[in-house]
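Numbered according to full-length UniProt numbering, the sequence shown spans residues 1 to 601.
Quick reminder that beta carbons are idealized off the backbone N, C-alpha and C, glycines included.
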Amino acid sequence: MSMSRLDQLLSRRHFVIGSSALAAATLSGGLWGCASDEPLGSTGPSDSPEENAADLVLYNGHVQTMVSESEVASAIAIAGNKIVYVGDDSGIDAFVGDTTQVIDLDGKFVSPGFIDGHIHAPGNWFTKLYQIDLTGLSTNEEYLEAIRSFVEAHPDEEGYIGSPFMLNAYQLPDGSNPGPSKEDLDAICPDKPILIHDVSYHAAWVNSKAFEMAGVTADTPDPEGGLFYRNEKGEPSGCVSDAAKGIVFAIMPDTMTNDNLEKALYKFMEEANSYGITGITNITQGGLDIIDMYHKVEREGNLTLRMRVVPTMKEGRTYDEVLSTIKSYNDSATDMISSNTVKIFYDGVTERGTAVFLEPYLESTGLGDHWCGEPIWSQEDFTRLVHDFDAEGVQVHVHAMGDGAVHGTLDAFEEARATNGERDARHTITHVCAITDEDIQRMADLDVVANLQFLMMYHDDLMDLERAYVGDERAMAMYRTKHMAEAGICISGSSDAPVIPFVPLDAIEAGVTRNSPYPEEEDTDMTRWPEQGLTAYQLLEAYTKNDAYQNFMDDIIGTIEVGKFADLVVLDANILEVDPKEISSAKVVYTISDGRIVYEG
Numbered sequence: 001m002s003m004s005r006l007d008q009l010l011s012r013r014h015f016v017i018g019s020s021a022l023a024a025a026t027l028s029g030g031l032w033g034c035a036s037d038e039p040l041g042s043t044g045p046s047d048s049p050e051e052n053a054a055d056l057v058l059y060n061g062h063v064q065t066m067v068s069e070s071e072v073a074s075a076i077a078i079a080g081n082k083i084v085y086v087g088d089d090s091g092i093d094a095f096v097g098d099t100t101q102v103i104d105l106d107g108k109f110v111s112p113g114f115i116d117g118h119i120h121a122p123g124n125w126f127t128k129l130y131q132i133d134l135t136g137l138s139t140n141e142e143y144l145e146a147i148r149s150f151v152e153a154h155p156d157e158e159g160y161i162g163s164p165f166m167l168n169a170y171q172l173p174d175g176s177n178p179g180p181s182k183e184d185l186d187a188i189c190p191d192k193p194i195l196i197h198d199v200s201y202h203a204a205w206v207n208s209k210a211f212e213m214a215g216v217t218a219d220t221p222d223p224e225g226g227l228f229y230r231n232e233k234g235e236p237s238g239c240v241s242d243a244a245k246g247i248v249f250a251i252m253p254d255t256m257t258n259d260n261l262e263k264a265l266y267k268f269m270e271e272a273n274s275y276g277i278t279g280i281t282n283i284t285q286g287g288l289d290i291i292d293m294y295h296k297v298e299r300e301g302n303l304t305l306r307m308r309v310v311p312t313m314k315e316g317r318t319y320d321e322v323l324s325t326i327k328s329y330n331d332s333a334t335d336m337i338s339s340n341t342v343k344i345f346y347d348g349v350t351e352r353g354t355a356v357f358l359e360p361y362l363e364s365t366g367l368g369d370h371w372c373g374e375p376i377w378s379q380e381d382f383t384r385l386v387h388d389f390d391a392e393g394v395q396v397h398v399h400a401m402g403d404g405a406v407h408g409t410l411d412a413f414e415e416a417r418a419t420n421g422e423r424d425a426r427h428t429i430t431h432v433c434a435i436t437d438e439d440i441q442r443m444a445d446l447d448v449v450a451n452l453q454f455l456m457m458y459h460d461d462l463m464d465l466e467r468a469y470v471g472d473e474r475a476m477a478m479y480r481t482k483h484m485a486e487a488g489i490c491i492s493g494s495s496d497a498p499v500i501p502f503v504p505l506d507a508i509e510a511g512v513t514r515n516s517p518y519p520e521e522e523d524t525d526m527t528r529w530p531e532q533g534l535t536a537y538q539l540l541e542a543y544t545k546n547d548a549y550q551n552f553m554d555d556i557i558g559t560i561e562v563g564k565f566a567d568l569v570v571l572d573a574n575i576l577e578v579d580p581k582e583i584s585s586a587k588v589v590y591t592i593s594d595g596r597i598v599y600e601g
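See below:
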């Protein structure tokens, strides 16, 4: 933009600085014309500026378009919720009118808005508002005090649910882990059920009343794909995992009403936007009718996260019920809310002994000499589910932790392709903690997306639990991201929150360094296989264009191009050029969702 033109603008109107004024301005005015198909750098029509005026103009920045690493611009114009110009400052004049809000980026970094490709919204916000919140606590004594305080403050509840506890608190010197005891909870509340989720949400701590109401006794066998932790008498001791957890959870009172979830969603969106997040793959909490709440928030003009809503195929739900739900979601799809994806669990988690591996767990875990984990579904049932959903054109998003689970999942994807025919399925495996060389290549050949949680890829407390179950060597050899990228697998990024925090900049740094991104730890050696680190650009791709691809949204978001929706994040530092240890220190300056400034830092 020339100085003479800039002077003219300044003389006609002032730059908007306050966030409230910016937000109001971006919500006013309509979309100029139709979505443009003109290429990057187009200046648009040559009519008068007032006719072509954008609602929001950003200039004098470093705009990483993500079309390719070398395609960088300095200015963007947004009309309504669409991008109408991407290019040099000199071409922005045609889009500035009297009501256009103009932001001088002063060299700041712009990328597509971050997307979290596997998250459970509204996550911990529901716990904070309505349940027992153990966030930040780490010992059994701290957990019990918080539980006791909540129970005493809410005497009229039918039962009590909370989260998260860490099994680390119960680790014994010999490597075994008995988990928490039901007796500790019985001393607080013997006459109502209590269920406390662990940090992974694959295990829970329950009291005797919960076992009684669920009909679980010493004679109850471990269900397929689940474990009852037992005491020396063979009785359930108070910790349950995966399918066993499901048996007990089924009797707990349901507090996840759509009204409560909506209140928590607003808190969640506010936090997510502050991290630069504009889109999510929402592995839903609540019932199958949760879509109605999301559309209500959208109709009221308050939805600030573009989302793919994903129900889970789990015990208690039939294939026909879930398929019918997905089809109903598709019938109500909008540009902000889409679906046509189902999540299926193949296995559990390493730190509970329920992930499925090709090699056995350590004998010290007490799981048996040759325990490799047990699938949630039989391979036959799992393969049938994948085949049937694929035949209906539904994308399948599979939880698979161990290399055995990844192998079994790829077998099912391979069978579905062979019998149903090849299509643009974009089937996805999330987690992929362990994988063989052969399956890396097979995953690439089958065009399966790897949705990974990069904030899990350093030596944290969860890795200490993994070491106790599979040993140092196998725990250190997890997350083969560089090998996967070199094979050509599309890698998308996510958090799996509330399991871990959902801060993309922290995850991007950890994905590069394979070390802790936190200031008090990043100068220490907490690395896990650092040679598997990716470049900052590869990580930015994972949290933008690759997540958009995974969600079948790559035609509307994920890159900064004319005609796409304006989902953007502005940072105060170029995270592709700074020392990798500084990536997590970058600040979000603006988050723009669907053309609206929804956060200003």
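Are three or more beta carbon pairs between the stretch 363-383 and the stretch 221-229 nearer than 8 Å? Cβ pair count under 8 Å is three or more, so yes.
Which of helix, strand or coil DSSP assigns to N282: Taken through DSSP and simplified to helix, strand or coil, N282 comes out as strand.
Between the C-alpha atoms of A444 and E415, what's the straight-line distance to the nearest angstrom? Distance between the alpha carbons of A444 and E415 is about 16 Å.
What does a CB cutoff of less than 7 Å around N124 pick up in its chain, not counting 5 residues either side in sequence? The residues are T135 and P498.
When the Cα atoms are used, what is the spatial distance from D496 to G91? Approximately 41 Å between the Cα atoms of the pair.
Same chain only: Cβ atoms within 7 Å of Y537, ignoring 5 sequence neighbours per side: Here the set comprises E69 and L576.
Can you look up L129 in the DSSP assignment and give me helix, strand or coil? Assignment of L129 by DSSP, reduced to helix, strand and coil, places it in the helix class.
In the DSSP assignment, the alpha helix (DSSP H) including K209 goes from what residue to what residue? Per DSSP, K209 belongs to the alpha helix (DSSP H) from S208 to A214.
Alpha-carbon spacing of E359 relative to D403, whole angstroms: Taking the CA atoms as reference points, E359 sits about 9 Å from D403.
Is D242 helix, strand or coil when you go by DSSP? If DSSP states are grouped into helix, strand and coil, D242 belongs with the strands.
Report the rounded CA-to-CA distance for C239 versus F228, giving the unit in angstroms. Going from the Cα of C239 to the Cα of F228 covers about 6 Å.
In terms of residues, what are the limits of the beta strand (DSSP E) holding T341? Looking at the DSSP string, the run of the beta strand (DSSP E) that includes T341 is T341 to F345.
Which value, in whole angstroms, describes the spacing of the CA atoms of V394 and E422? Near 13 Å, if we compare the C-alpha coordinates of E422 and V394.
Does the beta carbon of I76 come closer than 9 Å to any beta carbon on chain D? Of the chains in the structure shown, none is chain D; there is only one protein chain.
Please report the residue range of the beta strand (DSSP E) in which H399 lies. First-last of the beta strand (DSSP E) with H399: Q395 to A400.
Could you tell me the alpha carbon to alpha carbon distance between W32 and L452, rounded to whole angstroms? Per-residue confidence for W32 stands at a pLDDT of 25, beneath the threshold of 50, marking its modelled position as unreliable; the derived number appears in the next sentence. Each residue's alpha carbon lies about 38 Å from the other.
Tell me, please, whether the stretch 311-328 touches the stretch 339-348 by the rule of three or more beta-carbon pairs shorter than 8 Å. In the pairwise beta carbon analysis, the stretch 311-328 is classified as touching the stretch 339-348: at least three pairs are separated by under 8 Å.
May I ask you to verify whether the stretch 210-217 touches the stretch 267-277, counting CB pairs closer than 8 Å and requiring at least 3? The way I'd put it, the stretch 210-217 doesn't touch the stretch 267-277; fewer than three beta-carbon pairs between them come closer than 8 Å.
Please state the DSSP three-state secondary structure of I161. Under the three-state reduction of DSSP output, I161 falls in the strand class.
Find the nearest neighbour of S249 within the set I291, K296, E262 and Y201, judged by alpha-carbon distance. A quick correction: the sequence has Phe, not Ser, at residue 249. Distance from the Cα of F249 is smallest, within the candidate group I291, K296, E262 and Y201, for Y201.
Quick check on T26: does DSSP put it in helix, strand or coil? With a pLDDT of only 34 at T26, under the threshold of 50, the placement of this residue in the model should not be trusted; the figure read from the coordinates follows. Residue state, collapsed to three classes: helix.
Answer with buried or exposed for P164, where buried requires no fewer than 16 other C-beta atoms within 10 angstroms of its C-beta. Burial call: buried.
Span of the alpha helix (DSSP H) holding F268? Taken as a continuous stretch (DSSP letters only), the alpha helix (DSSP H) holding F268 covers N258 to S274.
Would you mind sorting L172 into buried or exposed? The rule is 16 or more other CB atoms within 10 Å of its CB. So L172 counts as exposed.
Hey, out of D186, A400 and Y143, whose CA is closest to V199's CA? With distances taken between Cα atoms, V199 lies closest to Y143.
What is the DSSP secondary structure of A75, counted as helix, strand or coil? Strand, per DSSP.
Within 10 angstroms of its Cβ, does H197 collect 16 or more other Cβ (buried), or is it exposed? Taking all protein chains shown into account, H197 has 16 or more neighbouring C-beta atoms within 10 Å of its C-beta and is therefore buried.
Y599 by DSSP, collapsed to three states: which one? Strand.
Taking DSSP as the reference, what is the three-state secondary structure of G33? Residue confidence for G33 is low, a pLDDT of 24 falling below 50, so the modelled location carries little weight; the figure read from the coordinates is stated next. The answer is coil: DSSP assigns G33 none of H, G, I, E or B.
List the residues that DSSP assigns as beta-bridge partners of residue 610. Residue 610 is absent from the model: the chain starts at 1 and stops at 601.
Where N451 sits in the DSSP three-state scheme: Annotated three-state conformation of N451 is strand, per DSSP.
So who's on the other strand from F114, going by DSSP bridges? Partner residues in the beta bridge of F114, as assigned by DSSP, are I277.
How far does the beta strand (DSSP E) with T591 in it reach, from first residue to last? It spans V588 to S593 - the beta strand (DSSP E) in which T591 sits, taken as one unbroken run.
Helix or strand or just coil, what does DSSP make of I583? DSSP, read as helix, strand or coil, puts I583 in helix.
Would you tell me roughly how many angstroms separate the C-alpha atoms of R417 and H120, rounded to the nearest one? Those two C-alpha atoms are separated by around 29 Å.
C-beta atoms of Y543 and S492 nearer than 9 Å: Taking 9 Å as the cut-off, the beta carbon of Y543 is found closer than this to the beta carbon of S492.
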